[in-house]
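Below: the structure, in structure tokens.
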Amino acid sequence: MAGAVLTFKPLTTEAQRHRELQKHDVRRPDCWASVIIKSVFVFLCVSVSLWWIINLSTMNDIVQPIHFESRSTNFNRLKGRLESAVGKAIGDFNMIEDGDTVMVCLSGGKDSYTLLDILLTLRKRAPIDFKIVAMNLDQKQPGFPEEVLPTYLKSIGVDFHIEAQDTYSIVKEKIPEGKTTCSLCSRLRRGIIYKVAGELGANKIALGHHRDDMVETLFLNMFFGGKLKAMPPKLVTDKGDHIVIRPLAYCAENDIARYARGMEFPIIPCNLCGSQENLQRQNIKTMLTNWEREYPGRTQTIFTAMQNVKFSHLMDGNLFDFKNMQLGAKVEEGDVAFDDH
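All residue numbers for the sequence shown refer to the numbering used here, where the first residue is 87 and numbers rise by one.
Below is the structure:
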């Protein structure tokens with residue numbers, strides 16, 4: 087044909103044909119390896135495809151209830167809850183006022199670290215101006231790490247004072263071996279705290295007691311002291327020189343523990359003195375823990391009851407004048423007790 091170009095495929099030599107046959111020789115190891123790899127790949131692709139087809143209809147049911155939240159999201163929510171609780175307690179009981187100097191007692195435990203941290207945060211956006219100074223009492227207990235608190239307090243830039251007083255030796259001298267030293271230690275510590283507050287010019291003393299401490303104290307006094315008495319959120323010291331406040335009053339201990347772990351505070355053990363923990367308080371704590379496990383929310387219900395007291399339905403004549411009760415007199419709550427549980 088005119089204009090057509092003819093091409094010729096060169097003849098294959100014997101050596102070339104031999105090489106082509108070798109490429110496809112199933113007896114060769116590299117050929118078998120290639121076949122195995124390809125087979126495994128195909129198997130995996132088919133398996134994954136089948137798994138998706140089988141489970142696609144149920145994936146929503148499996149995944150939807152599970153909310154994968156970042157640690158920062160959960161922690162920020164916890165921080166916000168604690169800040170709100172502390173702010174509410176301060177507002178409800180007028181704990182901190184403009185011009186106050188608040189001495190935060192820092193023991194090195196989770197509660198006092200959390201208290202100081204949240205007060206510092208709230209001060210930044212508070213509508214009033216107040217000062218914060220941290221105070222630690224070094225009681226010269228064996229093994230107490232003296233450098234931990236100063237290092238931490240310097241790192242966060244807060245004013246602080248370390249008061250060194252050897253109450254440990256006094257307690258060991260006065261209390262027989264094996265007996266609980268907490269009561270005497272607490273009284274000695276309280277006196278020193280009041281003295282230091284005066285020296286620092288602090289009119290408010292902030293302690294790290296929380297909601298659970300208050301409920302435990304209520305039952306401790308009921309069971310072992312025959313009194314309906316707990317920890318007040320705010321009180322005036324015996325000499326009238328200072329006001330003691332408990333800004334963590336609305337905070338649950340579990341929340342505080344989680345917050346302290348998240349913040350990685352340098353916790354100092356509370357048993358350096360070697361004293362046995364107050365057995366009565368520990369029994370109360372165990373009782374409340376068991377109640378909370380069986381009836382979630384019971385601790386909060388008890389705490390709420392502490393803020394909803396009806397003197398006319400108790401039996402303290404100093405709080406309610408039962409003797410002079412007369413017919414026709416209006417009594418708060420009246421006979422509503424018959425309708426309550």
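Backbone N, C-alpha and C fix where the C-beta goes; we use that ideal spot for every residue, glycine too. Because the structure is a prediction, the values reported are computed rather than measured.
{"Item": "Residue closest to R276, alpha-carbon to alpha-carbon, out of K325, T207, P333, T390", "Value": "K325"}
{"Item": "Neighbourhood of D298 by C-beta distance below 6 Å, restricted to the same chain and skipping five residues each side", "Value": "E339"}
{"Item": "Distance CB(A288)-CB(T375) smaller than 8 Å", "Value": "no"}
{"Item": "Residues near R209 in its chain [Cβ-Cβ closer than 8 Å; skip 5 each side]", "Value": "F216, I218"}
{"Item": "The stretch 339 to 355 touching the stretch 190 to 205, judged by at least three CB pairs closer than 8 Å", "Value": "yes"}
{"Item": "Length of the line joining the Cα atoms of A202 and F309", "Value": "This sequence places Leu at residue 202; Ala is not what is there. Taking the straight line from one Cα to the other gives about 33 Å."}
{"Item": "Touch test, the stretch 246 to 261 against the stretch 272 to 286, Cβ-Cβ under 8 Å, three pairs minimum", "Value": "yes"}
{"Item": "Supposed close pair L293, V172 - CB separation, criterion 8 Å", "Value": "In fact, because the Cβ distance is near 13 Å, the residues do not count as touching under 8 Å."}
{"Item": "I388: CB within 7 Å of a non-hydrogen atom of the ligand SAM", "Value": "Among the ligands in the structure shown, none appear at all, so the ligand SAM cannot be discussed."}
{"Item": "Within 8 Å, strictly: CB atoms of L306 and R367", "Value": "yes"}
{"Item": "Three-state secondary structure assigned by DSSP to N404", "Value": "coil"}
{"Item": "Nearest-angstrom Cα separation, counted from N410 out to I353", "Value": "55 Å"}
{"Item": "N376 (DSSP reduced to helix, strand or coil)", "Value": "helix"}
{"Item": "Counted within 10 angstroms of its Cβ, other Cβ atoms place N146 as buried (16 or more) or exposed", "Value": "Only weak support is given to the placement of N146: the predicted model assigns it a pLDDT of 38, under 50, and the question is left unresolved by the model."}
{"Item": "Rounded C-alpha distance that separates L413 from G403", "Value": "18 Å"}
{"Item": "Beta-carbon proximity of Q251 to L206, cut-off 8 Å", "Value": "no"}
{"Item": "Status (buried if at least 16 other CB within 10 Å, exposed otherwise) for Y381", "Value": "exposed"}
{"Item": "Counterpart residues of L223 in DSSP-defined beta bridges", "Value": "E249"}
{"Item": "Alpha carbon of R347 to alpha carbon of V234, nearest angstrom", "Value": "17 Å"}
{"Item": "Opposing strand residues paired with M189 [DSSP bridges]", "Value": "V219, I291"}
{"Item": "Beta-carbon spacing of I322, I329 below 8 Å", "Value": "First, the amino acid is wrong: residue 322 is Val here, not Ile. Cβ distance < 8 Å, so V322 and I329 count as in contact."}
{"Item": "8 Å Cβ shell around V301 - same chain, five flanking residues per side excluded", "Value": "A316, L374, T385, I388, F389, M392"}
{"Item": "Spatial neighbours of K416 in its chain, beta-carbon cut-off 6 Å, leaving aside the 5 residues before and after", "Value": "none"}
{"Item": "Short Cβ contact (8 Å threshold) for I279 with C191", "Value": "yes"}
{"Item": "Delimiting residues of the alpha helix (DSSP H) encompassing V234", "Value": "234 to 242"}
{"Item": "Reduced DSSP category for K320 - H, G, I as helix; E, B as strand; rest coil", "Value": "strand"}
{"Item": "Reduced DSSP category for G331 - H, G, I as helix; E, B as strand; rest coil", "Value": "Here residue 331 is Ile; the residue named in the question, Gly, does not match the sequence. Three-state DSSP puts I331 in a strand."}
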